[in-house]
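Residue 3 is where the sequence shown starts when you use the working numbering, and the numbers rise one by one after that. Every residue, glycine too, gets a C-beta built ideally from N, C-alpha and C. The structure appears below as structure tokens.
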Amino acid sequence: MDQAKFFPCAACQALIPPGHKFCGRCGETTPPEVLNLEIDYFGDLQDPSKASLVVIRGEGMEGLSYHLRATEHLLGRQGQIQLEDSFLSARHANLLYRNSQLTLRDENSLNGTFVRIRGKTKLAPGDTLLAGDQLFRVEPMPTVTEHTDSAGTYFYASPSYSSTFRVVQLLEHAGSGLAHCPRGSRVTIGRRGCDINVFDDLYLSEEHCAIEQDADGFSLSDLESKNGTYVRLKREQPLDHGDYFAVGRKLLRVDMNA
3 MDQAKFFPCA ACQALIPPGH KFCGRCGETT PPEVLNLEID YFGDLQDPSK ASLVVIRGEG
63 MEGLSYHLRA TEHLLGRQGQ IQLEDSFLSA RHANLLYRNS QLTLRDENSL NGTFVRIRGK
123 TKLAPGDTLL AGDQLFRVEP MPTVTEHTDS AGTYFYASPS YSSTFRVVQL LEHAGSGLAH
183 CPRGSRVTIG RRGCDINVFD DLYLSEEHCA IEQDADGFSL SDLESKNGTY VRLKREQPLD
243 HGDYFAVGRK LLRVDMNA
């Protein structure tokens, strides 16, 4: 007999089986709090309404886990979740619960918070994306006005062709790197065989992601890359089990207990 499942009668100490309203020996009434007893949790670490945050990539911090048991969890070089990273703002992002739903919000950080996309995701001109270790921005084509010098001579350069947008690589210290102006409506990014190739980035897949323009605007798709594609957060976003987001040089994953 598994005695752990039975309740001792307060009057005679006989064991009362679960769900029985009276003691079988003396007839004592089973207290309501025992009759309706449900399994409880040891603490917040097992609470299915709470989540954990795991460092997946973080310069020696891999595997470090934070239990998100408060209402809000400020993340950055200061706050409840402190991460050493010179690319993080002091108050970088916040993980908070909205009606039990874990939600991510950027706190006007300098370098932004990037969330891994699931499926095709809408983009707007000026949006920034992260693929591997590379940052890119979608930009409308600048307007160029032809003019001559004082002697009436035009500036000579490579021939231009019609394109409505371009994708520009963003470098550290506010510099610009590779840029691509598509002849069509699609730009691919990867390590080789794409419109924009970054050969020495081992976190990029050969064909990593694609940006497309159609009648509804721009969209971003991950091309089944190994490490995923991320978009800079512009507003609060709900998070689910297994979602990834990046801040500075850190990559983090959300794990739900349930």
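Residue span of the beta strand (DSSP E) that contains Arg118, given as start and end: Sequence index remark: in the sequence shown, residue 118 carries index 116 (1-based). For Arg118, the enclosing beta strand (DSSP E) stretches over residues Thr115 to Arg118.
From which residue to which residue does the beta strand (DSSP E) around Asn96 run? Reading the sequence shown from its first residue, position 94 is the one you call residue 96. That run of the beta strand (DSSP E) goes Ala95 to Arg100.
I need the boundaries of the beta strand (DSSP E) containing Cys211, first residue and last residue. For this step, residue 211 is matched to residue 209 along the sequence shown. First-last of the beta strand (DSSP E) with Cys211: Glu209 to Asp216.
Simplified DSSP state of Ile18, which is helix, strand or coil: Within the sequence shown, numbered from 1, the residue matching residue 18 stands at position 16. Strand, per DSSP.
Since Cys28 contacts Ile18 with CB under 8 Å, what's their CB separation in whole angstroms? Walking along the sequence shown from the start, residue 28 turns up at place 26. Walking along the sequence shown from the start, residue 18 turns up at place 16. Cβ-Cβ separation between Cys28 and Ile18: approximately 10 Å, too far for a contact (criterion under 8 Å).
Taking the alpha carbon of Glu86 as the point to measure from, which residue in Thr105, Met63, Arg71 and Thr32 has its own alpha carbon closest? Mapped onto the sequence shown, residue 86 falls at position 84. Answer by Cα proximity: Met63.
Do you know whose CA, among Glu148, Asp224, Val200 and Asp108, lies nearest Lys236's CA? Position 234 of the sequence shown, counting from 1, holds the residue named residue 236. Answer by Cα proximity: Asp108.
Would you check if there are 3 or more beta carbon pairs closer than 8 Å linking the region 98 to 113 to the region 236 to 245? Short answer: they touch.
Check whether the Cβ atoms of Leu225 and Glu214 lie closer than 8 Å to each other. Looking up residue 225 in the sequence shown gives position 223. Looking up residue 214 in the sequence shown gives position 212. Here Leu225 is not near Glu214, since their CB atoms are 8 Å or more apart.
Using only alpha-carbon positions, find the residue among Ala95, Ala72, Arg79 and Leu77 that is nearest to Asn101. Indexing the sequence shown from 1 puts residue 101 at position 99. When each option's Cα is compared against that of Asn101, the closest is Ala72.
Please report the straight-line C-alpha distance between Gly134 and Ser207, rounded to a whole angstrom. Within the sequence shown, the letter at position 132 stands for residue 134. Within the sequence shown, the letter at position 205 stands for residue 207. Their backbone Cα atoms lie some 8 Å apart in a straight line.
Does the distance from the C-beta atom of Arg185 to that of Tyr163 stay below 8 Å? Position 183 of the sequence shown, counted from the first residue, corresponds to residue 185. Position 161 of the sequence shown, counted from the first residue, corresponds to residue 163. Contact: yes.
If you draw a straight line from the alpha carbon of Leu172 to that of Gly230, how long is it in whole angstroms? Here residue 172 refers to the residue found at position 170 of the sequence shown. Here residue 230 refers to the residue found at position 228 of the sequence shown. Cα-Cα distance, rounded: 18 Å.
Closest Cα partner of Phe89 within the set Leu253, Val249, Met258 and Val256: For the purposes of this step, residue 89 is taken as the residue at position 87 of the sequence shown. With distances taken between Cα atoms, Phe89 lies closest to Val249.
Continuous beta strand (DSSP E) stretch holding Met143: start and end: Within the sequence shown, numbered from 1, the residue matching residue 143 stands at position 141. Run containing Met143: none; DSSP gives neither H nor E here.
Flag this pair as yes or no: are the beta carbons of Leu204 and Ile58 separated by less than 8 Å? Walking along the sequence shown from the start, residue 204 turns up at place 202. Walking along the sequence shown from the start, residue 58 turns up at place 56. No, the pair does not count as a contact, with Cβ atoms beyond the cut-off.
Are there 16 or more other CB atoms within 10 angstroms of the CB of Val169, so buried, or fewer, so exposed? Against the sequence shown, residue 169 aligns to sequence position 167. With 16 or more other Cβ atoms within 10 Å, it is buried.
Taking the beta strand (DSSP E) that Val56 belongs to, which residues open and close that run? Working through the sequence shown from its first residue, we reach residue 56 at position 54. Per DSSP, Val56 belongs to the beta strand (DSSP E) from Ala53 to Arg59.
Keeping to the same chain, check which residues put their C-beta closer than 7 Å to that of Asn199; ignore five residues upstream and five downstream. Here residue 199 is taken as the residue at index 197 of the sequence shown, counted from 1. Excluding sequence neighbours, Asn199 sits near Gly192 and Arg193.
Using the three-state DSSP reduction, which class does Ala153 fall into: helix, strand or coil? Working through the sequence shown from its first residue, we reach residue 153 at position 151. DSSP places Ala153 outside both helix and strand once states are collapsed to three, so it counts as coil.
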